[in-house]
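Asker:
There are 2 protein chains.
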Amino acid sequence: MLKLTKKTDYALMSINYMSYRKDLFVANTRSIAEIYNIPRELLAKILQKLAKEGFIESQNGPKGGYTLLKDPSEITLGEVIRAIEGPIQIVRCIEGDSTCSQTEQCTIQSPLRKIESHIVDYLDTITIDKIISETTDELLEVN
Amino acid sequence: MLKLTKKTDYALMSINYMSYRKDLFVANTRSIAEIYNIPRELLAKILQKLAKEGFIESQNGPKGGYTLLKDPSEITLGEVIRAIEGPIQIVRCIEGDSTCSQTEQCTIQSPLRKIESHIVDYLDTITIDKIISETTDELLEVN
DNA sequence: TTATATCCGACTCTATTGATCGGAGATAAA
DNA sequence: TTTATCTCCGATCAATAGAGTCGGATATAA
């Protein structure tokens, strides 16, 4: 299945929230979880990952939480997916994977890899501000 | 994870084989399974699905098997994925899904849907002959 | 009639994803 | 200095989807 995980959805929603409520300075896990109806502990891990990858900054203690480090126009969808789900792989076989019993006979590997990189390139052109803004019509013309 | 299933891989490899060995007239499950090292029963179902969807034609009884109905240039990658995996959904939420507890607050749904349709459109421009041929450089310029 | 195919549903096993739990470390405020 | 409220992090459990297996039915060339 070619599907994004819930975690990625939650990450995008959180970034959206943080950019929308910049005035709050810090947005904590609890409030984001409550507003979007996300399990708090799960969201906590996602935000920790986003912090570790440098998208947001964490502030510990009471009144603590997270703030956006980068502007949504400087974050791409591809980056967020990779931060949460790891490297994007439409094609399942990895270069030199000896556990794949098809590799030797497989003729479709390299063409599919090019399709994959095309899609990855596309995802890397989509900045988050285009996702969280209302005017999204231009998305289709991007690439 | 944005990943194609093994079933889709097997389907593409089978179509590849059938187009390559057109001289055989019929290619049976056993021989394809042996050549590509695919579990026979699993491959059988995939081929049945491809037959049901009109990509290949089945011939029952001994000396039976499958033959390509369409030319690889008339089959797109998107079509094969849909035949095997069902409708392509990068975005997990479906129009009017009441079980999703985020729908009301979710602001990212519609923009993501446009990205999805862009990718689907791209996959529908990739014909199988481009995947099974050696010259795949032009793939990147397609869309 | 027999051997070899497709056909098809039910089932098991495994991997991934989604969610929960327990507790440690940081820090602002009382 | 204590306390309440955060982030942090590993371990664990549950749900779902993917991959593969099994048993038996039907078709048909030899």
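Same order as they appear, the protein sequences are chains A and B.
Residue numbering for the first sequence follows numbering that gives the first Met the number 0, beginning at 0 and increasing consecutively.
Residue numbering for the second sequence follows numbering that gives the first Met the number 0, beginning at 0 and increasing consecutively.
The beta-carbon is built from N, C-alpha and C at its ideal position, and this holds for glycine as well.
1. Does any residue of chain B have a CB that is nearer than 8 Å to the CB of Ile45(A)?
2. With a floor of 3 residues, list each beta strand (DSSP E) that falls wholly inside the stretch 25 to 84 of chain B, ordered by position along the chain.
3. Name the residues in the stretch 69 to 87 of chain A whose C-beta lies less than 8 Å from a C-beta of chain B; which are they?
4. Taking buried to mean at least 16 other C-beta atoms within 10 Å of its own C-beta, is Tyr19(A) buried or exposed?
5. Count the other CB atoms, across all protein chains shown, that sit within 10 Å of the CB of Asn59(A); report buried if there are 16 or more and exposed otherwise.
6. Could you compute how far the alpha carbon of Leu42(B) sits from the alpha carbon of Ala10(B)?
7. Does chain A have any CB closer than 8 Å to the CB of Leu1(B)?
8. So Arg91(A) contacts chain B; which residues on that side make the cut at Cβ distance below 9 Å?
9. Within 10 angstroms of the Cβ of Gly64(B), are there 16 or more other Cβ atoms? Answer buried if so, exposed if not.
10. Tell me whether the stretch 110 to 126 of chain A and the stretch 63 to 78 of chain A touch, counting them as touching only if at least three CB pairs, one residue from each stretch, are closer than 8 Å.
11. Leaving aside the five residues before and after Tyr16(A) along the sequence, list all residues of the same chain whose C-beta is less than 8 Å from its C-beta, in chain order.
12. For Arg81(A), which option in Lys21(A), Phe54(A), Glu40(A) has the closest C-alpha, if you only look at C-alpha atoms?
13. Determine, for Met12(B), whether the minimum Cβ-Cβ distance to residues of chain A falls below 8 Å.
14. Within 10 Å of its beta-carbon, does Ser100(A) have 16 or more other beta-carbons around it, so buried, or fewer, so exposed?
15. When you compare each of Phe24(A), Gly85(A), Ile114(A), Leu67(A) to Thr7(A) by their alpha carbons, which one comes out closest?
16. Should Leu1(B) and Leu1(A) be called a contact, given that it needs their Cβ atoms to be closer than 8 Å?
17. Are the CB atoms of Leu46(B) and Thr66(B) within a distance shorter than 8 Å?
18. With a cut-off of 8 Å, does the C-beta of Tyr35(A) fall near any C-beta of chain B?
19. Taking the alpha carbon of Ser116(B) as the point to measure from, which residue in Thr106(B), Glu52(B), Ile89(B) has its own alpha carbon closest?
20. Name the chain B residues whose beta carbon is nearer than 9 Å to that of Leu41(A)?
21. Please report how far the alpha carbon of Met12(A) lies from the alpha carbon of Cys105(B), in whole angstroms.
22. Tell me whether the beta-carbon of Leu111(A) lies closer than 8 Å to the beta-carbon of Ile14(B).
23. Using CA atoms only, rank isn't needed, just tell me which of Val79(B), Ile83(B), Glu78(B), Ser109(B) is closest to Cys92(B).
24. Find the residues of chain B that neighbour Lys129(A), judging by a C-beta separation of less than 8 Å, and give them in chain order.
25. Helix, strand or coil: which one does DSSP assign to Thr124(B)?
26. Would you tell me roughly how many angstroms separate the C-alpha atoms of Lys48(A) and Tyr121(B), rounded to the nearest one?
27. In chain B, which residues lie less than 8 Å from Thr106(A) when you measure between Cβ atoms?
Answerer: The short version:
1. By 1-based counting over the first sequence, the position of residue 45(A) is 46. Residue-level contact by beta carbon fails for Ile45(A) and chain B, as no gap is shorter than 8 Å.
2. Complete beta strand (DSSP E) runs here, min 3: 55 to 58, 64 to 67.
3. Answer in chain order: Leu76, Ile80, Glu84, Ile87.
4. By 1-based counting over the first sequence, the position of residue 19(A) is 20. Tyr19(A) is exposed by the Cβ-count criterion.
5. Here residue 59(A) corresponds to residue number 60 of the first sequence, with the count starting at 1. Residue burial annotation: Asn59(A) is exposed, with fewer than 16 other C-beta atoms found within 10 angstroms of its C-beta.
6. Against the second sequence, residue 42(B) aligns to sequence position 43. Against the second sequence, residue 10(B) aligns to sequence position 11. Leu42(B) and Ala10(B): Cα-Cα distance of roughly 8 Å.
7. On the second sequence, position 2 is the one that residue 1(B) refers to. The Cβ of Leu1(B) sits closer than 8 Å to at least one Cβ of chain A.
8. On the first sequence, residue 91(A) is found 92 positions in, with the first residue counted as 1. Result: Lys2, Leu3, Thr4, Lys5, Asp8.
9. Counted from its first residue, the second sequence places residue 64(B) at position 65. Answer is buried; the Cβ neighbour count reaches 16.
10. When C-beta atoms of the stretch 110 to 126 of chain A are compared with those of the stretch 63 to 78 of chain A, three or more pairs fall below 8 Å, so the two segments count as touching.
11. Counting from 1 along the first sequence, the entry for residue 16(A) is found at position 17. Taking Tyr16(A) as the centre and dropping the five residues before and after it, the same chain places the C-beta of Ala26, Ile31, Ile34, Tyr35 closer than 8 Å to its C-beta, in chain order.
12. Walking along the first sequence from the start, residue 81(A) turns up at place 82. From the listed residues Lys21(A), Phe54(A), Glu40(A), the smallest Cα separation to Arg81(A) is found for Phe54(A).
13. For this step, residue 12(B) is matched to residue 13 along the second sequence. At least one chain A Cβ lies under 8 Å of Met12(B).
14. The sequence position of residue 100(A) within the first sequence is 101, counting from 1. Exposed is the label assigned to Ser100(A), since fewer than 16 other Cβ atoms lie within 10 Å of its Cβ.
15. On the first sequence, residue 7(A) is found 8 positions in, with the first residue counted as 1. By alpha-carbon distance to Thr7(A), the top candidate from Phe24(A), Gly85(A), Ile114(A), Leu67(A) is Gly85(A).
16. Numbered from its first residue, the second sequence carries residue 1(B) at position 2. Numbered from its first residue, the first sequence carries residue 1(A) at position 2. Yes; because the gap between Cβ atoms is below 8 Å, this pair is in contact.
17. Sequence index remark: in the second sequence, residue 66(B) carries index 67 (1-based). Sequence index remark: in the second sequence, residue 46(B) carries index 47 (1-based). No, they are not a contact pair.
18. Reading the first sequence from its first residue, position 36 is the one you call residue 35(A). Tyr35(A) has a beta carbon lying within less than 8 Å of a beta carbon in chain B.
19. In the second sequence, counting from the first residue as 1, residue 116(B) sits at position 117. Out of Thr106(B), Glu52(B), Ile89(B), Ile89(B) has the C-alpha closest to the C-alpha of Ser116(B).
20. What you label residue 41(A) is simply residue 42 of the first sequence in a count that begins at 1. Neighbours of Leu41(A) on chain B: none; closest Cβ ~13 Å, over 9 Å.
21. Your numbering for residue 12(A) matches position 13 in the first sequence. Your numbering for residue 105(B) matches position 106 in the second sequence. The straight-line gap from Cα to Cα measures roughly 7 Å.
22. Taking the first residue of the first sequence as position 1, residue 111(A) is located at position 112. Taking the first residue of the second sequence as position 1, residue 14(B) is located at position 15. For Leu111(A) and Ile14(B), no; Cβs fall outside 8 Å.
23. By one-based count along the second sequence, residue 92(B) stands at place 93. When only C-alpha atoms are compared, the closest one is Ser109(B).
24. The residue labelled residue 129(A) in the question sits at position 130 within the first sequence. Ordered by position in chain B, the residues that pass the 8 Å Cβ test against Lys129(A) are Pro110.
25. Along the second sequence, read from residue 1 onward, the residue named residue 124(B) stands at position 125. Collapsing the DSSP output to three states places Thr124(B) in coil.
26. Walking along the first sequence from the start, residue 48(A) turns up at place 49. Walking along the second sequence from the start, residue 121(B) turns up at place 122. Taking the straight line joining both Cα atoms gives about 31 Å.
27. Within the first sequence, residue 106(A) is the residue found at index 107, counting from 1. What Thr106(A) touches in chain B: Met12, Asn15, Ile131.
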